[in-house]
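Beneath this line is the structure, given in structure tokens, with notes to follow.
In structure tokens, the structure reads:
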């Protein structure tokens, strides 16, 4: 019997021993991607719909299924007619159809055979492989790549440690470092083995190469542990360089005139004063320990290191057409790499003070950017117009991360008062207004920013495109624009937003892979409760409720007083049917009242709908809905008079079964214009799609008021306007469900999604759609696409 074909996808792409169709298969990315996906999974069977969503997400149903059939035929042409087995509506590779090195690696690693696993692991999974039009496959591939790499690195570390030194350990460490050059634990093992072998210089070269790669690829420095090892190899104390200590050298006179020598010293003093004005910076002044140089010399770096400074500022000035032009460089002392430029700053030769004033502000802004390890996206954006603008923006962003949108706007406004041309502050102000559901104000900020963005940079252009797409309900465009932001600013909030955009496109699997690969304790994600909100929501969509509860409890530990963290625990305990746990959380909310949403009444309502959506205690749900109405009715009169609270109270009446009271309240609130309204939703209420006219339409259907229902249905059908996000068709679908027309309801829901309705978490628990649960067409509409 002939051995099965062999598929190599670790470190290379090769198909050996296959049939005559192998060349055609390898030349076509999507059939090849199908083979890779099936082979890496082993004998597991996959629903055909999930494979279609993975590789042909934008094709219509019949075309996508035809593409899948063609891809299967190509796989069979290379591996044999029985290679792909069909079992009902699932597909999978037949046992023995192909041997795959990735599957072999996983099997060997799972049984603890580190030597065998490392022998199979030839490198990253399909390096450089890309499939156009299949973002879910790209996310799966990247997630698998990371997982296999981490598993192989762990095996290598165990193998090195098991060797207990000697030539074998050094050989394994060298091989591991070739495979994982950016993995710090692996490089540290190599450094230790090289040192043990007497090659301390080689160990330090390995460190220097790692530091350079991390700086070039990620804008990051090695960890404290790695730097401590390097310092010990140099014979220096680990904490020799203070991260916020800066040495400033005299700027070199390149004018050719000795009369300008004093200006070089003035520049040095001005730069030192500016550096000292940056928060918590310790400035080391120049001493005559080496000749000044325009660019950082080895002697300058050594002097800075001896002074314990992690950063060195050097520069020069020269004359052009009657002007003095000043250039500077900010250098990382550990790596010796120039990380930022200063200038050029220009001023007439007779007005040198103007150059000094401009230089001071630029130095402060540049050093603040370089030394701030938390706010990373500002490095990808155009430079702030002044240090004061930068400081106000950073303070606003701190409020933004905490969810204090109004507070953030105050600081952004301070930056914009002096610098109305500051595009980044305008764009992030627009996001804050979006989060506050003030879409007209968000749009006004976008209009102000648009002409300025052309002169900013690619980060601002991607951010502007994102906002245009949000305001239009174009989630596919928003997804692409946010991905570009994340690529330009790794580790920024934009990276988390990519997952949120994937969720809105009904790709929770992709979203959870993105979020799981991130470290929420570092950079801009530190202190961001909305990372945990996004993670909980996508896990909820995937029905991974136990993992969701674990994430919710971690969020509660990190943000003990934050209502959004409490909301995630309430939601998950309700989904699991844990009524006592839900009640305990609601008691906690009531005991610590807050004006920040979601408040206790909203939590009661959401918990009730979650219990009902998952088939749990209907009596407890009814009691919570009644309690929610009482909670709103017992608010102080001034609060009850706010329109958003009046709407929330009307919804509570409706949920509690008081159709007459709800109809009267919604009629008083509706007005003439059909518009999405705020009803105390905790975040992005405009995407919750509340329509007063929608509720009135459903109530008319439930009362048997055919004429009123027809009038409202026609009103919703004919409504056009901004910021509706498909809500009119969504509510027409709710009316169709109430009227016993499920097929029409599903058709209208498709129109709602086509019109901008994102896949938000509230849809799965909406009681209006409960009669559709169990219908295949409704299930297919909501089924995750990736």
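Numbering (my numbering), first residue to last: 1 to 786. Backbone N, C-alpha and C fix where the C-beta goes; we use that ideal spot for every residue, glycine too.
Hey, how far is the Cα of residue i from the Cα of residue j?
{"i": "residue 387", "j": "residue 278", "result": "9 Å"}
{"i": "residue 359", "j": "residue 558", "result": "41 Å"}
{"i": "residue 162", "j": "residue 168", "result": "10 Å"}
{"i": "residue 389", "j": "residue 145", "result": "41 Å"}
{"i": "residue 133", "j": "residue 28", "result": "13 Å"}
{"i": "residue 65", "j": "residue 135", "result": "18 Å"}
{"i": "residue 586", "j": "residue 618", "result": "18 Å"}
{"i": "residue 303", "j": "residue 221", "result": "21 Å"}
{"i": "residue 210", "j": "residue 457", "result": "29 Å"}
{"i": "residue 154", "j": "residue 123", "result": "14 Å"}
{"i": "residue 369", "j": "residue 204", "result": "28 Å"}
{"i": "residue 245", "j": "residue 560", "result": "35 Å"}
{"i": "residue 214", "j": "residue 283", "result": "26 Å"}
{"i": "residue 603", "j": "residue 241", "result": "50 Å"}
{"i": "residue 131", "j": "residue 575", "result": "37 Å"}
{"i": "residue 237", "j": "residue 451", "result": "Because residue 237 carries a pLDDT of 47, less than 50, the predicted location of this residue cannot be relied on, and the following value inherits that uncertainty. Looking at the two C-alpha atoms, the distance is approximately 52 Å."}
{"i": "residue 771", "j": "residue 594", "result": "35 Å"}
{"i": "residue 469", "j": "residue 647", "result": "28 Å"}
{"i": "residue 787", "j": "residue 104", "result": "Look at the range of the chain in this structure, 1 to 786, and you will see that residue 787 is not part of it."}
{"i": "residue 672", "j": "residue 692", "result": "11 Å"}
Are the beta-carbon atoms of residue i and residue j separated by less than 8 Å?
{"i": "residue 378", "j": "residue 423", "result": "no"}
{"i": "residue 494", "j": "residue 502", "result": "no"}
{"i": "residue 702", "j": "residue 716", "result": "no"}
{"i": "residue 735", "j": "residue 766", "result": "no"}
{"i": "residue 346", "j": "residue 355", "result": "yes"}
{"i": "residue 98", "j": "residue 34", "result": "no"}
{"i": "residue 729", "j": "residue 697", "result": "no"}
{"i": "residue 564", "j": "residue 682", "result": "yes"}
{"i": "residue 572", "j": "residue 549", "result": "yes"}
{"i": "residue 611", "j": "residue 620", "result": "yes"}
{"i": "residue 172", "j": "residue 159", "result": "yes"}
{"i": "residue 526", "j": "residue 552", "result": "no"}
{"i": "residue 430", "j": "residue 467", "result": "yes"}
{"i": "residue 254", "j": "residue 318", "result": "yes"}
Reducing DSSP to helix, strand and coil, say where residue i ends up.
{"i": "residue 545", "result": "helix"}
{"i": "residue 12", "result": "coil"}
{"i": "residue 47", "result": "strand"}
{"i": "residue 775", "result": "coil"}
{"i": "residue 758", "result": "coil"}
{"i": "residue 342", "result": "strand"}
{"i": "residue 334", "result": "coil"}
{"i": "residue 437", "result": "coil"}
{"i": "residue 374", "result": "coil"}
{"i": "residue 719", "result": "coil"}
{"i": "residue 131", "result": "coil"}
{"i": "residue 553", "result": "helix"}
{"i": "residue 674", "result": "coil"}
{"i": "residue 237", "result": "Any answer about residue 237 is weak, because its pLDDT of 47 lies below 50 and its placement is not dependable; what the coordinates show is given next. Coil at residue 237, not helix or strand."}
{"i": "residue 347", "result": "strand"}
{"i": "residue 223", "result": "coil"}
{"i": "residue 767", "result": "helix"}
{"i": "residue 480", "result": "helix"}
{"i": "residue 325", "result": "strand"}
{"i": "residue 508", "result": "helix"}
Decide if residue i is buried, meaning its Cβ has at least 16 other Cβ atoms within 10 Å, or exposed.
{"i": "residue 513", "result": "buried"}
{"i": "residue 335", "result": "buried"}
{"i": "residue 769", "result": "buried"}
{"i": "residue 688", "result": "buried"}
{"i": "residue 257", "result": "exposed"}
{"i": "residue 353", "result": "exposed"}
{"i": "residue 12", "result": "exposed"}
{"i": "residue 584", "result": "exposed"}
{"i": "residue 320", "result": "exposed"}
{"i": "residue 403", "result": "buried"}
{"i": "residue 337", "result": "exposed"}
{"i": "residue 633", "result": "exposed"}
{"i": "residue 70", "result": "exposed"}
Any Cβ of chain D within less than 8 Å of the Cβ of residue i?
{"i": "residue 648", "result": "Looking at the structure shown, chain D is missing, and only one protein chain is on hand."}
* To do: Note down, one range per segment and in chain order, each beta strand (DSSP E) of at least 3 residues found wholly within the region 24-95.
  => 84-87 and 90-93
* To do: Enumerate, from N- to C-terminal direction, the unbroken alpha helix (DSSP H) stretches of 4 or more residues contained entirely within the region 640-710.
  => 643-655, 659-670 and 692-703
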